[in-house]
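Trainee:
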Amino acid sequence: MFPKLDPLLHSELRLAVMSILAGVEEADFNYLKEQTGATSGNLSVQIDKLAEAGYIAVEKGFRGKMPRTTCKITPTGSEAFRAYIKALKKYLSVGK
């Protein structure tokens, strides 16, 4: 039987954001936008969904006079991401 995949992480953009954040201490909005190729509006919506689930922490502030949004993965997000990857590996190993 196939394990259930976390529907929150089963979105291409949310999975990309989580993949990036899993490998860095933190990332700002512009970096995530650049790396994912997402529009500002779509990225903002997906970041909000991840934050509401407790998968990422979002900090809004300023660098000089410029607004800056920084994201980092939470322990809950790290665990969800690891579980998602583990479940995906089970799907990929079928028939080998």
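Going by this note's numbering, the residue at position 67 of the sequence shown is 150; the numbering climbs one at a time, nothing skipped.
Note that beta-carbon positions come from the ideal geometry of N, C-alpha and C, so glycine has one too.
#1: In the structure shown, what three-state DSSP assignment does Met-101 receive?
#2: Would you call the stretch 116-129 in contact with the stretch 158-170, where contact means no fewer than 3 C-beta pairs closer than 8 Å?
#3: Return the first residue and the last residue of the alpha helix (DSSP H) that Val-128 is part of.
#4: On a CA-only basis, which of Met-101, Met-84, Leu-96 is nearest Ile-168? Give me that one, please.
#5: At which residues does the beta strand (DSSP E) containing Lys-116 begin and terminate?
Mentor: The short version:
#1: helix
#2: no
#3: Its alpha helix (DSSP H) spans residues 123-135.
#4: Met-101
#5: Here Lys-116 belongs to no beta strand (DSSP E); instead the alpha helix (DSSP H) covers 112-119.
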